[in-house]
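Chemist:
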Amino acid sequence: MRSEMTYILPRTKKQDGKPFVLSGRSSYYIGYNDMKPAGLGYHIENEMNGLWFPPIRIFKWITLERNGRSMIPEYVTTDYTSVSFGFRELSLKLSTTGDNYFLIELTKEIEITEPVRIILEIGVIPVWYSQLNTDFSISKLSGSIIISEKNYRQSITASSDGNGVLTYNNNRIVIETKDSTTVNIKIEGNESTNISPANIKKEAENYRHQFVESLRSKTTISGNTSISDAFDLAVINLRWLFLNMNNTGRGVVAGYPEFPWLFGIDTYYSSGGLLIAGMNDEYENTLKVLEKYARKEGGRIPHEIVSNGRVFNMGNRVETVVYPTMVWNLYEYSGNIEHLKEREDLILSSISPAILHDVRGNGIMEDPKAGNGIDIDTVCNYIESMNSILKINSVVHSDKIEVKEIEEEIREKTRFIRKDMWMPEINGFADRYKDGLPQFNGFWTSVLPFSFNLASKENYANFATENSKAFSRLMSSNGLKVDQNGNVMPNGNSMLIKASLNYGDVNNALKVLHMNIDAIGRYSNYCFPEIINNPSGCFIQAWSAALFIENIIYDFLGIYPNGKELEINRRFSIPEEFEGLRINGMKHRNRLYNFEVCDRAVSYSRNII
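In the UniProt record's numbering, the protein residues as written are 1 to 609.
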């Protein structure tokens, strides 16, 4: 695990402009490698907002100037909780304490002959759904500039350590210096903490130490460089996305910057990767947040919860359908029967008369015609969850679960997929069934019958060929297109990898795996993006990282939880490039497992903890 490694970009005169985020509980900084316009702002409680794009952005950007010209960094070093810009004579480091403080440190490497100016461009604007206009004022104290916003009753204080001259003019806070200097930025809000100026740097170091420690004692991997590096980064991505959210709870959000929210369906697709990575507590906490809101809505699992606790979308049919599988996945790793018993009410809600037998309604696709018919992903997830219900019942033995009825549902829905949703004219599955007819809209969800192993070998053989109209329409140079606009998402690729390996198509699975590896860092360094070929998506996405982890452990190596043990279920010879791969510290119940790939097979050792 890269627990203490700093990532350094190549020293080039022109940076690539990729974004990054530093975030505390109530404040954030979005920046770019080339120090072009970014934005510092804060989260406002009880407003309709996310964490990184809240109603108030207080600074447009932070930059350096000398002789009236902006300075371009020669290299950028990103750390877990900080970022440093390197120049010939000095460095500029931005870091957070994890709550409402930011630290700007200018360090001279050699003697500075010309004064340098740190510039904070003020641009107080409301964004997202805020109803009020901003009304801010500027006041000056000795060594400090205070920006006060009247409507939201919040303020930001920028103060210098005295090594630079701090001034305000024309919406700019300027610190001019020829020496090393520090600027503290304090965001005053409803959840403010107070740290003395002398301790802010120490608190920032403590926050980084806590983050690094959270990566220890987790599942680690070594061996093949590209695979192990990508695996490490996937785990780090999931840690970055785990937040403490005021009045909401603790959980793994879907992605940022656009949507630092909890999503029901994203949590489902992220569950396997989180548990493999040893983030059991983080996954359970995320589940508890979803459940807290579901109980207020009769068991309906929400689709979108904003990080301040506002439910933006109460949930589609598919979210409630997948809930039993989310719970079973937790139990598989914990072995704690209370995890099942304490959720019995919500589990039963997912097989209530309003849901059992009826799979109509919105699936995962948010196209204009969503909800008009039966989406194939809902049916596949429904079958999986009915199987999860049977597994749960084998442990809790509930008299409220009608086993024979559920078994018949599984058989009937499987027949429906194989008979009614297969379209021989395109050699593929429909993605929607409407008015008694299957429809193919070019959605990635049409591969899910293969991902869930519900189709026949003959179906797959007919699908995965150049002569298949469905396969030809779905595939691109970046992988599986998810929609009619041609967007390719790592999660779609990951489900295609599952599909291919279920039917022994190792070559196609490897090809698509490397498409996902190549996409890492495409829009933000070291991040698994939401969309591979479109920068408008989130530049880091939880399920992209989590499903990559799952692909490696479950799908390629065949390591699965099975009752009290992890077992190796090999369906094919492991590809040669996995040779020498070692997985250490994978936790399952009360055991730690170590695995090694040798001679295209997996061996393991385990210890009771």
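Heads up, the beta-carbon is just placed ideally off N, CA and C, and yes, glycines get one too.
Once the 5 residues before and after D375 are set aside, which same chain residues still bring their CB inside 6 Å of it?
Modeler: G363 and R432
Chemist: Over what stretch of residues does the beta strand (DSSP E) that includes A545 continue unbroken?
Modeler: No beta strand (DSSP E) holds A545; the alpha helix (DSSP H) holding it covers A542 to E550.
Chemist: Taking the CB atoms as reference points, tell me whether L275 and V252 lie closer together than 8 Å.
Modeler: no
Chemist: Given a cut-off of 8 Å on the beta-carbon distance, is the pair residue 633 and N453 in contact?
Modeler: Residue 633 falls outside the range modelled here, since the chain spans only 1 to 609, and no answer is possible.
Chemist: Check each candidate in T107, Y560 and N67 and name the one with the smallest Cα separation from G86.
Modeler: T107
Chemist: Pull up the distance between the alpha-carbon of C538 and that of E402, whole angstroms please.
Modeler: Between C538 and E402, the alpha-carbon positions lie close to 42 Å from each other.
Chemist: Which partner residues does Q439 have in the DSSP bridge list?
Modeler: R432
Chemist: Mind checking P55: buried by the 16 CB within 10 Å criterion, or exposed?
Modeler: Low local confidence applies: a pLDDT of 40 at P55 is under 50, so the model's placement there is unreliable, with the coordinate-based value given in what follows. Label assigned to P55: buried.
Chemist: State buried or exposed for I110, treating a residue as buried only when at least 16 other CB atoms are found within 10 Å of its CB.
Modeler: Result: exposed.
Chemist: Using DSSP with H/G/I as helix, E/B as strand and the rest coil, what is Y32?
Modeler: strand
Chemist: In whole angstroms, what is the alpha-carbon distance linking I549 and M423?
Modeler: 32 Å
Chemist: Please determine whether the Cβ atom of I383 lies at a distance below 7 Å from any heavy atom of the ligand MN.
Modeler: Ligands are entirely absent from the displayed structure, and the ligand MN is therefore not among its contents.
Chemist: Can you name, in chain order, every residue of its own chain whose Cβ lies under 6 Å from the Cβ of I236, other than the five neighbours on each side?
Modeler: Taken in chain order, the list of residues that qualify is empty.
Chemist: Give the DSSP bridge partners of P561, in chain order.
Modeler: Note: P561 is bridge-paired with L566 in the DSSP secondary-structure output.
Chemist: Going along the chain, which residues of its own chain have a beta-carbon closer than 7 Å to the beta-carbon of A470, five neighbours each way excluded?
Modeler: I426, N427, G428, F440, S446 and F463
Chemist: Run through the DSSP bridge pairs and tell me what H588 is partnered with.
Modeler: R591
Chemist: Within the same chain, show all residues whose beta-carbon is closer than 7 Å to that of L233, passing over the 5 residues directly before and after it, in chain order.
Modeler: I520 and Y526
Chemist: Hey, how far is the Cα of D435 from the Cα of E466?
Modeler: Between D435 and E466, the alpha-carbon positions lie close to 30 Å from each other.
Chemist: For K564, is the classification buried or exposed, using 16 other Cβ atoms within 10 angstroms of its Cβ as the cut-off for buried?
Modeler: It is exposed - the Cβ of K564 has fewer than 16 other Cβ atoms within 10 Å.
Chemist: State yes or no: is the C-beta of T248 within less than 8 Å of the C-beta of T267?
Modeler: It is not a contact, given that the beta carbons lie outside the stated cut-off.
Chemist: Using DSSP bridges, identify the partner residues of V311.
Modeler: For V311, which the question treats as bridged, DSSP gives the partners I305.
Chemist: Who does W422 pair with in a DSSP beta bridge?
Modeler: F429
Chemist: Could you spell out the range, first to last residue, of the beta strand (DSSP E) harbouring L90?
Modeler: Where L90 is concerned, the enclosing beta strand (DSSP E) starts and stops at L90 to T96.
Chemist: When we look at the beta-carbon of P302 and count the other beta-carbons within 10 Å, is it buried (16 or more) or exposed?
Modeler: buried
Chemist: Considering only the alpha carbon of each residue, which of E297, D358 and Y283 lies closest to S334?
Modeler: Y283
Chemist: Which one of I156, S180 and S349 has the shortest CA to CA distance from G164?
Modeler: S180
Chemist: Per DSSP, which residues does S84 bridge with? Please list them.
Modeler: T77 and K93
Chemist: Which whole runs of the beta strand (DSSP E) in the segment 249-292 are 3 residues long or more, in chain order?
Modeler: 249-252
Chemist: Which residue's Cα is closest to the Cα of I227: L437, D599, H588 and G580?
Modeler: G580
Chemist: Looking at C-alpha atoms only, which residue of E458, F450 and D420 is the closest neighbour of L437?
Modeler: D420
Chemist: Roughly how many whole angstroms lie between the Cα atoms of N84 and I568?
Modeler: The question names Asn, yet the displayed sequence has Ser at residue 84. Distance between the alpha carbons of S84 and I568: 44 Å.
Chemist: Taking C-alpha atoms, which residue in S271, D345, F263 and I497 lies nearest to residue 612?
Modeler: What the structure shows of the chain is the stretch from 1 to 609, and residue 612 is not part of that stretch, so it cannot be assessed.
Chemist: Indicate whether S95 and A198 have their beta-carbon atoms separated by less than 8 Å.
Modeler: no
Chemist: Rounded to whole angstroms, what's the CA-CA distance from S91 to S451? Just pull it up for me.
Modeler: 49 Å
Chemist: Per DSSP, what kind of secondary structure is V359 in: helix, strand or coil?
Modeler: coil
Chemist: Short of 7 Å in beta carbon distance, which residues of its chain neighbour Y503, apart from the five on each side in sequence? Order them along the chain.
Modeler: F450, K457 and Y460
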